[in-house]
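Asks:
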Amino acid sequence: MTSASPPEAISFTISGEWAHFRRIDTTTAKQTYRVIPRTTVIGLLAGILGYDRDSYYDDFHPDKCDIAVSLETEVSTMAVPQTELTTEGAYRSSRGGHDVEAAFLKVEKTLEDRQRNFYEYLTDMSYRIDVCHSDAEIRADLHDMLSAGESVYTPSLGKSECLASISYHGKSETVSVESDVAHSVVPLDAAVPTGQHIATERSPRHMVRDGRSRRTTDFGAYAYRKDGTTNSLEVRDEATVFEIHDRPVTFM
603 MTSASPPEAI SFTISGEWAH FRRIDTTTAK QTYRVIPRTT VIGLLAGILG YDRDSYYDDF
663 HPDKCDIAVS LETEVSTMAV PQTELTTEGA YRSSRGGHDV EAAFLKVEKT LEDRQRNFYE
723 YLTDMSYRID VCHSDAEIRA DLHDMLSAGE SVYTPSLGKS ECLASISYHG KSETVSVESD
783 VAHSVVPLDA AVPTGQHIAT ERSPRHMVRD GRSRRTTDFG AYAYRKDGTT NSLEVRDEAT
843 VFEIHDRPVT FM
């Protein structure tokens, strides 16, 4: 949707002691993305508004919704051991009409087939999110829910166990500006390679519903600062930069 004059932005910060955004592009089990993926952000927005699972992908398609993400804390990870059990399941129909596997644990199964895995978690993370949506009704609903401190589903940073809190910053005009820096995560092709401590990451950008499941259809590559000193990143002259709440940002 990125254009010369996108609609007003809705901005908030989501924070939590723990975060885990499961990587889907690695064979190493239980790794996490460092930057909250765009697909996770739209899932968060859909949860605030009360959408059913897998029902919101079209409403938050990149052609309709622009999202900027800024890291407000230093990236820190911790490996946490967890013991998992094998379950025996049977498919049942959920409220949304999807077939889901209901797990039934027998007592004897808790004494065997244990598997110990290490999950990589982010600790004490905080992300600022700026959302521009072409649908005025969705913008109004998001504003109403966030300003009231309400959410239909409990906000989390990835895994449902990683509970999070949200601070709402309100609405802002979105103004196209000429800037050689951005205070947000930057698309990799718009970032200027410098001597700064810059990290890069490739993460899901959009998904579609595919039968009983979902399928990733688009990925994006991004650059970000992970040292926690500043969010400022140099960007190329041709980069599309917008000012939101007096902050220059680029969209994912």
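Here this note's numbering is used: the first residue of the sequence shown is 603, the next is one more, and so on. Just so it is clear, CB atoms sit at the ideal spot from N, CA and C, and this is done for glycine as well. Since the model is a prediction, treat every value here as computed from it, not as a measurement.
By the 10 Å Cβ neighbour count, where 16 or more other Cβ atoms means buried, how is Asp654 classified, buried or exposed?
Replies: Stepping through the sequence shown from its first residue, residue 654 is reached at position 52. With fewer than 16 other Cβ atoms within 10 Å, it is exposed.
Asks: Which term fits Arg730, buried or exposed, when burial requires 16 or more other beta carbons within 10 angstroms of its beta carbon?
Replies: Walking along the sequence shown from the start, residue 730 turns up at place 128. Buried, by the Cβ-count rule.
Asks: Which partner residues does Val851 have in the DSSP bridge list?
Replies: One-based indexing of the sequence shown puts residue 851 at position 249. According to DSSP, which records beta bridges pairwise, Val851 is partnered with Phe844.
Asks: Suppose contacts are defined by Cβ-Cβ distances below 9 angstroms. Is Val682 in contact with Tyr723 by that definition?
Replies: Translated into positions along the sequence shown, residue 682 becomes position 80. Translated into positions along the sequence shown, residue 723 becomes position 121. Yes, Cβ-Cβ distance for Val682 and Tyr723 is below 9 angstroms.
Asks: To which residues of the same chain is Asn719 closer than 7 angstroms at the C-beta, ignoring the five residues directly before and after it?
Replies: Here residue 719 refers to the residue found at position 117 of the sequence shown. Ala631, Lys632, Gln684, Glu686.
Asks: Measuring straight from C-alpha to C-alpha, what distance separates His847 and Glu674?
Replies: As a working mapping, residue 847 is identified with position 245 in the sequence shown. As a working mapping, residue 674 is identified with position 72 in the sequence shown. Rounded to whole angstroms, His847 to Glu674 spans 15 angstroms at the Cα level.
Asks: Hey, out of Met680, Glu676, Val643, Ser678, whose CA is closest to Phe662's CA?
Replies: Counted from its first residue, the sequence shown places residue 662 at position 60. Nearest option by C-alpha distance: Val643.
Asks: With a threshold of 8 angstroms, are at least 3 pairs of Cβ atoms found where one atom belongs to the region 780 to 794 and the other to the region 809 to 816?
Replies: Not touching, per the Cβ criterion.
Asks: Given a cut-off of 9 angstroms on the beta-carbon distance, is the pair Ser774 and Glu610 in contact?
Replies: One-based indexing of the sequence shown puts residue 774 at position 172. One-based indexing of the sequence shown puts residue 610 at position 8. Yes, the pair counts as a contact, with Cβ atoms nearer than the cut-off.
Asks: Could you give the DSSP three-state label for Thr675: helix, strand or coil?
Replies: Position 73 of the sequence shown, counted from the start, is the residue given in the question as residue 675. Of the three classes helix, strand and coil, the one that applies to Thr675 here is coil, per DSSP.
Asks: Tell me whether Thr819 is buried or exposed, calling it buried when 16 or more other Cβ atoms sit within 10 Å of its Cβ.
Replies: Taking the first residue of the sequence shown as 1, we reach residue 819 at position 217. That one is exposed.
Asks: Can you name the start and end residues of the alpha helix (DSSP H) that Asp726 belongs to?
Replies: For the purposes of this step, residue 726 is taken as residue 124 along the sequence shown, with counting starting at 1. Not the alpha helix (DSSP H): Asp726 falls in the beta strand (DSSP E), residues 716 to 735.
Asks: At the level of alpha carbons, what is the spacing between Asp746 and Gln717?
Replies: For the purposes of this step, residue 746 is taken as residue 144 along the sequence shown, with counting starting at 1. For the purposes of this step, residue 717 is taken as residue 115 along the sequence shown, with counting starting at 1. Approximately 44 angstroms, taken between the alpha carbons.
Asks: Note down the Cα distance separating Arg804 from Glu739, rounded to an integer number of angstroms.
Replies: Taking the first residue of the sequence shown as position 1, residue 804 is located at position 202. Taking the first residue of the sequence shown as position 1, residue 739 is located at position 137. Approximately 31 angstroms, taken between the alpha carbons.
Asks: Once you ignore the five residues that flank Arg817 on each side, which residues in its own chain have a CB closer than 7 angstroms to its CB?
Replies: For this step, residue 817 is matched to residue 215 along the sequence shown. Here the set comprises Met809, Val810.
Asks: Classify Pro795 as buried or exposed, calling it buried when 16 or more other Cβ atoms lie within 10 Å of its own Cβ.
Replies: For the purposes of this step, residue 795 is taken as the residue at position 193 of the sequence shown. Label assigned to Pro795: exposed.
Asks: Which residues does DSSP list as the beta-bridge partners of Glu836?
Replies: For the purposes of this step, residue 836 is taken as residue 234 along the sequence shown, with counting starting at 1. Per DSSP, Val783.
Asks: Within a Cβ cutoff of 6 angstroms, which residues of the same chain sit near Ala823, ignoring the five residues on either side of it in sequence?
Replies: Taking the sequence shown and counting its residues from 1, the one referred to as residue 823 is at position 221. So the qualifying residues of the chain are Leu790, Arg804.
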